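The sequence shown begins at 126 in this note's numbering and counts up by one. These notes are about the structure you will find just below.
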Amino acid sequence: INVDKQITAEAGNAVDILENVPSVQVDIEGNVSLRGSSSFTVLIDGKPTILEPSDALRQISSSNIENIEIITNPSVKYEPDGAAGIINIVTKKNFIDGLSGIANLNVGTFGQYGGDIQLSYRLSKFNFILGANYDQRTRPGDVVSERETYKNDTTFFLNSNGNTERNFHRGSYKAGFEYNPTKNDFFSLSGRYGNWAMNNGSDLLYEEYYVPGTDILNYYSKDETERGGDYFAADVVYQHTFSKKAEENNPLKKGMGNSKNGDAPEVKKLMAKHEIKFQLNYRSRVSNESTINLLTDMSNDTTGGQKNIEDGPSTSLRMNLDYTLPIKRNNKFEAGLQGRLGNNEDNTQLWRYNPSSGELELEPDFSYNTTYYRNFYAAYALFAGESGKFGYQAGLRTEYTDRTVEMTGEDDFVLNRWDLFPTVHASYKLPKDQELMLSYSRRIDRPRGWQLEPFVTWQDNYNVRKGNPDLQSEYIDSFDAGYLYKFDDNFFSLEGYYRITNNKVERIRSVYIPADSSNVDNVMLSSFENVGNDYSLGVEAMLNMGITPWWEMSLSGNLYNYRIEGQLNETDFSRNSVNWSSRFNNTFTLMKNLQLQASSRYNSNTVTAQGTNAGFFTIDAALKMSFLKRSLTANLQARNILGTALHESSSSGDDFYTYNSYNPLSPVFRITFSYKFNNFKMKRGNSDGGGDEDF
126 INVDKQITAE AGNAVDILEN VPSVQVDIEG NVSLRGSSSF TVLIDGKPTI
176 LEPSDALRQI SSSNIENIEI ITNPSVKYEP DGAAGIINIV TKKNFIDGLS
226 GIANLNVGTF GQYGGDIQLS YRLSKFNFIL GANYDQRTRP GDVVSERETY
276 KNDTTFFLNS NGNTERNFHR GSYKAGFEYN PTKNDFFSLS GRYGNWAMNN
326 GSDLLYEEYY VPGTDILNYY SKDETERGGD YFAADVVYQH TFSKKAEENN
376 PLKKGMGNSK NGDAPEVKKL MAKHEIKFQL NYRSRVSNES TINLLTDMSN
426 DTTGGQKNIE DGPSTSLRMN LDYTLPIKRN NKFEAGLQGR LGNNEDNTQL
476 WRYNPSSGEL ELEPDFSYNT TYYRNFYAAY ALFAGESGKF GYQAGLRTEY
526 TDRTVEMTGE DDFVLNRWDL FPTVHASYKL PKDQELMLSY SRRIDRPRGW
576 QLEPFVTWQD NYNVRKGNPD LQSEYIDSFD AGYLYKFDDN FFSLEGYYRI
626 TNNKVERIRS VYIPADSSNV DNVMLSSFEN VGNDYSLGVE AMLNMGITPW
676 WEMSLSGNLY NYRIEGQLNE TDFSRNSVNW SSRFNNTFTL MKNLQLQASS
726 RYNSNTVTAQ GTNAGFFTID AALKMSFLKR SLTANLQARN ILGTALHESS
776 SSGDDFYTYN SYNPLSPVFR ITFSYKFNNF KMKRGNSDGG GDEDF
């Protein structure tokens, strides 16, 4: 994904860019799913992040991104976590000697503002990097919720409506140092410190009643949810090349670049470098999450409520050793070792409103401490090569999992096991810049720590969560087949995919029945179960084409069939749906330094294990103008112009039905100014920019 062409996403973050990809969907919370799966791995310049995938994508400003790579079937060199694959964010880097930099400033409606700056000082064998950013976003909107629960011959109704405001802010500082002591050695040291927070506030009017019954109770609820914390990352990379950079072996080398008619094909074959690379990644964060719900009557007197707090630190350490050996002309062998050591704590507290004291008081029976230890040890080997027009790669990765979960008042839950993850890739070059590709990989999606907690966690007055310590990992078999055609400056791709998920984990909703059988009405329980298998069979198509010298068009779509087959406690969870999405972007060059872009996207209805997420359509537009020999740019954006981004979802079971909707206030306007000084130019870093050929 070339970020420079995503004019409507400037001043946003990586999530805003990914919204323009047909295989990506973004929900009302900004959570990203890839080909219908929210399980994927996020890398930043090929390095891991300690944050959850969607949280990590929200931290990265669009202005700092050069491009985004979506890799659905990565090789065994990369961790197998994530059902849908890897999203790699490649950031901008400078390669001009001396001091240079880039600064961005943006402001928008609904209290949006932000800015960032990146400085680079390159001198001979050294490069120093400094950067900082801050971003504030507010997303106000209207919400509606309807709930029915069935108990014996009685139906309990709980309806609410009102307004909500979602606030997100982040800030970070980064510093880096790169050193090339010789032509064959590279060393880098970098660090980043940041803080982020998501705050959601709602003012809702509730109505509840029974049928049969005649009484109707109305009251207000003020809800506030805060989630965020500090994080720190440090990376060390050392790379040694045993031989000089391989020379190009081109059968047309003599005539290349000197052809009279200018249409001689550039057939380039570049041998792999004989090298060894060591990488150390340290990550730490402190997570804080709190939810306060206060119920008031129509006279605004507090009648009930609660506060739930979850916090705790997390740390992880990764060590990678990778070795590459060229074999003959166009073959290579790669092998490597990896160790991943991680632990995190989760401290949960519940405070309930006491009408007698008028205060929130701690509930010891719903307060817990949990510690997770998760260590992984891996080794891999792969062989890749070319024979004429045929390219191939095969590899095998083995991983040992050592996991321990320690919980208050419970026995430890221990898991020790070996897993194997094979991958196979093949390609065939056709005439006239056409290519066929096939690939297969086996992947894994491990349960999150909070999904394993066997106790009840109150999320608000009407929703509780309970984990499942017996939850098994999902294992995914992923198959891809693709066709690629490049003609002039145009591009067409067609890709088919088939994904099988075994031990499918689903969030199961039901009416909450306390262990003491006390009478609790209309409280929903969310738990997690392995319900069976799911299957995704689909096709993606993308066309980028210059219609005229001043009009460039990009049309893409994703069509897939999603099927769940499973049963739990005699309840059949089998569902089937055909889902599709499309993206249509048009860029017009109105003047030499003036561009207009209009982007539209549509997501169809999708099914879940117990319900449906409704589809929606939206249109964005942007006007971009350059000044001072393109050193200064101004970008005016308008998002959700027609106000059609209504998000709706529903779910049902034997004893309940729920409906929820969120309609953001729109349109949203934002203006962005960007300034590059001393001819700041970008390219990938020497060793860790991502985009390796064996992705």
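Glycine included, C-beta positions come from ideal geometry on N, C-alpha and C. Please read all numbers here as calculations on a predicted model, not as lab measurements.
Under the three-state DSSP convention, the category residue 175 falls into: Position 50 of the sequence shown holds residue 175. Coil, per DSSP.
Residue environment, residue 513, which counts as buried when at least 16 other CB atoms sit within 10 Å: As a first step, residue 513 must be located in the sequence shown, where it is residue number 388. Exposed.
Three CB pairs or more closer than 8 angstroms across the region 409 to 416 and the region 451 to 462: no
Residue 476 - DSSP class collapsed to helix/strand/coil: For the purposes of this step, residue 476 is taken as residue 351 along the sequence shown, with counting starting at 1. If DSSP states are grouped into helix, strand and coil, residue 476 belongs with the strands.
Whole-angstrom C-beta distance between residue 497 and residue 468, which should lie under 8 angstroms: As a first step, residue 468 is located in the sequence shown; it is residue number 343 there, counting from the start. As a first step, residue 497 is located in the sequence shown; it is residue number 372 there, counting from the start. Indeed, because the Cβ distance is near 6 angstroms, the residues count as touching under 8 angstroms.
Exposure label - residue 789; buried when at least 16 CB within 10 Å: Numbered from 1 along the sequence shown, position 664 holds the residue referred to as residue 789. Classification of residue 789: buried, given that the 10 Å Cβ count is 16 or more.
Assigned exposure category for residue 574 - 16 Cβ within 10 Å defines buried: As a working mapping, residue 574 is identified with position 449 in the sequence shown. With 16 or more other Cβ atoms within 10 Å, it is buried.
Distance, residue 594 Cα to residue 434 Cα: Here the question's residue 434 lines up with position 309 in the sequence shown. Here the question's residue 594 lines up with position 469 in the sequence shown. Rounded to whole angstroms, residue 434 to residue 594 spans 21 angstroms at the Cα level.
Bridge-paired residues (DSSP) for residue 692: Numbered from its first residue, the sequence shown carries residue 692 at position 567. For residue 692, which the question treats as bridged, DSSP gives the partners 697.
Cβ contact check for the region 669 to 684 and the region 692 to 702: 3 or more pairs under 8 angstroms: no
Residue 129 versus residue 516 - alpha carbon distance: One-based indexing of the sequence shown puts residue 129 at position 4. One-based indexing of the sequence shown puts residue 516 at position 391. Residue 129 and residue 516: Cα-Cα distance of roughly 31 angstroms.
Rounded C-alpha distance that separates residue 682 from residue 609: Along the sequence shown, read from residue 1 onward, the residue named residue 682 stands at position 557. Along the sequence shown, read from residue 1 onward, the residue named residue 609 stands at position 484. Roughly 15 angstroms separates the two Cα atoms.
Residue 549 vs residue 519 beta-carbon contact at 8 angstroms: To locate residue 549, count along the sequence shown from 1; it is residue 424. To locate residue 519, count along the sequence shown from 1; it is residue 394. The answer is yes: Cβ separation under 8 angstroms.
Inter-stretch contact (C-beta, 8 angstroms, three-pair minimum) for the region 317 to 328 and the region 290 to 301: yes
Unbroken stretches of the beta strand (DSSP E), 3 residues or longer, contained in the region 151 to 212: 157 to 159, 166 to 169, 190 to 196
Beta strand (DSSP E) runs wholly inside the region 334 to 375, at least 3 long, in chain order: 341 to 366
Inter-stretch contact (C-beta, 8 angstroms, three-pair minimum) for the region 576 to 596 and the region 425 to 442: yes
Residue from 767, 772, 757 whose Cα sits closest to the Cα of residue 801: Translated into the one-based positions of the sequence shown, residue 801 becomes position 676. Cα-wise, what sits closest to residue 801 is 757.
Nearest-angstrom beta carbon gap, residue 737 and residue 775 [assumed within contact, 8 angstroms]: Position 650 of the sequence shown, counting from 1, holds the residue named residue 775. Position 612 of the sequence shown, counting from 1, holds the residue named residue 737. Residue 775 to residue 737, Cβ: 6 angstroms. Contact.
Burial state of residue 370, where buried means 16 or more other Cβ atoms lie within 10 Å: Numbered from its first residue, the sequence shown carries residue 370 at position 245. With a pLDDT of only 45 at residue 370, under the threshold of 50, the placement of this residue in the model should not be trusted, and no figure is reported.
Beta-carbon proximity of residue 406 to residue 355, cut-off 8 angstroms: In the sequence shown, the residue the question calls residue 406 occupies position 281. In the sequence shown, the residue the question calls residue 355 occupies position 230. Not in contact: residue 406 and residue 355 (Cβ atoms no closer than 8 angstroms).
Residue 250 (DSSP reduced to helix, strand or coil): As a working mapping, residue 250 is identified with position 125 in the sequence shown. Reduced to three states, the DSSP call for residue 250 is coil.
Residue of 338, 343, 403, 535 minimising C-alpha distance to residue 363: For this step, residue 363 is matched to residue 238 along the sequence shown. If we check each option's Cα against that of residue 363, 403 comes out closest.
Collapsed DSSP secondary structure at residue 434 in the structure displayed: Within the sequence shown, numbered from 1, the residue matching residue 434 stands at position 309. Three-state DSSP puts residue 434 in a strand.
As assigned by DSSP and simplified to three states, the class of residue 650: What you label residue 650 is simply residue 525 of the sequence shown in a count that begins at 1. Residue 650 falls in the strand class under three-state DSSP.
Top-ranked residue by Cα proximity to residue 444, from 770, 783, 173: Translated into the one-based positions of the sequence shown, residue 444 becomes position 319. Considering only alpha carbons, the answer is 173.
7 angstroms CB neighbourhood of residue 304 in its chain, flanking five on each side removed: Working through the sequence shown from its first residue, we reach residue 304 at position 179. Answer for residue 304: 250, 251, 312, listed in chain order.
Beta strand (DSSP E) runs wholly inside the region 476 to 542, at least 3 long, in chain order: 484 to 487, 493 to 512, 515 to 532
One or two residues paired with residue 603 in a DSSP bridge: Sequence index remark: in the sequence shown, residue 603 carries index 478 (1-based). 566, 624.
Per DSSP, the bridge partner or partners of residue 678: Start at 1 with the first residue of the sequence shown, and residue 678 comes out as number 553. Partner(s): 670, 711.
Through-space distance from residue 337 to residue 579, alpha-carbon basis: The residue labelled residue 579 in the question sits at position 454 within the sequence shown. The residue labelled residue 337 in the question sits at position 212 within the sequence shown. Each residue's alpha carbon lies about 36 angstroms from the other.
Per DSSP, the bridge partner or partners of residue 735: Your numbering for residue 735 matches position 610 in the sequence shown. Beta-bridge pairing links residue 735 to no other residue.
Close beta carbons around residue 618, own chain, < 6 angstroms, minus the five adjacent residues each side: The residue labelled residue 618 in the question sits at position 493 within the sequence shown. Excluding residues within five positions, the ones whose Cβ falls inside 6 angstroms are 609, 667.
Proximal residues to residue 424 (C-beta, below 7 angstroms), its chain only, five neighbours per side dropped: As a working mapping, residue 424 is identified with position 299 in the sequence shown. Once the five neighbours on either side are set aside, residue 424 has no close Cβ partner at all.
Sub-8 angstroms separation of residue 281 and residue 588 beta-carbons: Taking the first residue of the sequence shown as position 1, residue 281 is located at position 156. Taking the first residue of the sequence shown as position 1, residue 588 is located at position 463. Against a cut-off of 8 angstroms, the Cβ pair of residue 588 and residue 281 comes out as no contact.
Beta-carbon proximity of residue 142 to residue 186, cut-off 8 angstroms: Walking along the sequence shown from the start, residue 142 turns up at place 17. Walking along the sequence shown from the start, residue 186 turns up at place 61. Against a cut-off of 8 angstroms, the Cβ pair of residue 186 and residue 142 comes out as no contact.
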